[in-house]
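Working notes, structure below.
Chains as they are written, first to last, in our numbering: chain A, 3 to 116; chain B, 51 to 161.
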């Protein structure tokens, strides 16, 4: 089974621009979560999608948004980029997002905002 | 919401020694506690997990213990090897189905 994939792997943007990141979950997985990882901060939860619906949302400003398509692929968008948005963005998929469902992470997209 | 504290932030050991990483959580509704290992430049991967109805779980050189009363759980690695060098994250998951992660422990195993 192919693992979770993310595109692009690296991205450089300037302040004020917007960016869209893509995540393809493991086949059959319906839950996709997004995390922001920065040094010393661990993994900060952004949002989770299940069956095309945002089911949970973390504590991030409205500039961060996402969506999920009928094939469970997910995208996240960040508008009006700020320097502090530079981070590794990880997505993770699981069967149904239930408590004991294992999350499988993608390789991440490294976003640099100049 | 849930809050997970993880200590230490950095742990340096000699090859063959044991390593222990500790986490505390705040939400008594949390009932699933996974541990992830993230090697440099790679994705986090689940290495072991424990459910709230179990006090200890082992898998070869790694083990996890859970104390529900005190709301803390620990990762134990015995006979450490250089390839154990990585960042380890604990997490707690419960009613919200979304895991809350600790800030990570950078484990360095010196040959």
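Virtual Cβ for every residue (Gly too), placed ideally from N, Cα, C.
**Request:** Closer than 7 Å, Cβ to Cβ, to anything on chain A: give me those residues from the region 75-93 of chain B, in chain order.
**Result:** 81, 82, 93
**Message:** Give me, in chain order, the residues of the same chain whose beta-carbon lies closer than 6 Å to that of residue 101 (chain B); leave out the 5 immediate sequence neighbours on both sides.
**Reply:** 82
**Request:** State whether the region 35-53 of chain A contacts the region 92-102 of chain A, with contact taken as three or more CB pairs (one from each stretch) at a distance under 8 Å.
**Result:** yes
**Message:** Residues of the region 104-115 of chain A in Cβ contact with chain B at a cutoff of 9 Å, in chain order, please.
**Reply:** 104, 105, 106, 107, 108, 109, 110
**Prompt:** residue 50 (chain A) CB to nearest chain B CB: under 7 Å?
**Reply:** yes
**Asked** Since residue 79 (chain A) contacts residue 22 (chain A) with CB under 8 Å, what's their CB separation in whole angstroms?
**Response** Indeed they touch by this definition, with Cβ atoms about 5 Å apart.
**Asked** Apart from the five residues just before and just after residue 39 (chain A), which ones in its own chain have a Cβ nearer than 8 Å to its Cβ?
**Response** 45, 46, 89, 90, 91, 92, 110
**Asked** Thinking C-beta only, is residue 55 (chain B) closer than 7 Å to residue 77 (chain B)?
**Response** no
**Asked** Is the CB-CB distance between residue 157 (chain B) and residue 79 (chain B) below 7 Å?
**Response** Contact: no.
**Message:** Counting only C-beta atoms, is residue 125 (chain B) closer than 7 Å to chain A at any point?
**Reply:** no
**Prompt:** Helix, strand or coil: which one does DSSP assign to residue 86 (chain A)?
**Reply:** helix
**Request:** Kindly indicate if chain D contains any beta-carbon less than 7 Å away from that of residue 44 (chain A).
**Result:** Of the chains in the structure shown, none is chain D; the protein chains are A and B.
**Item:** Bridge partner(s) assigned by DSSP for residue 56 (chain B)
**Value:** Paired residue(s): B:73.
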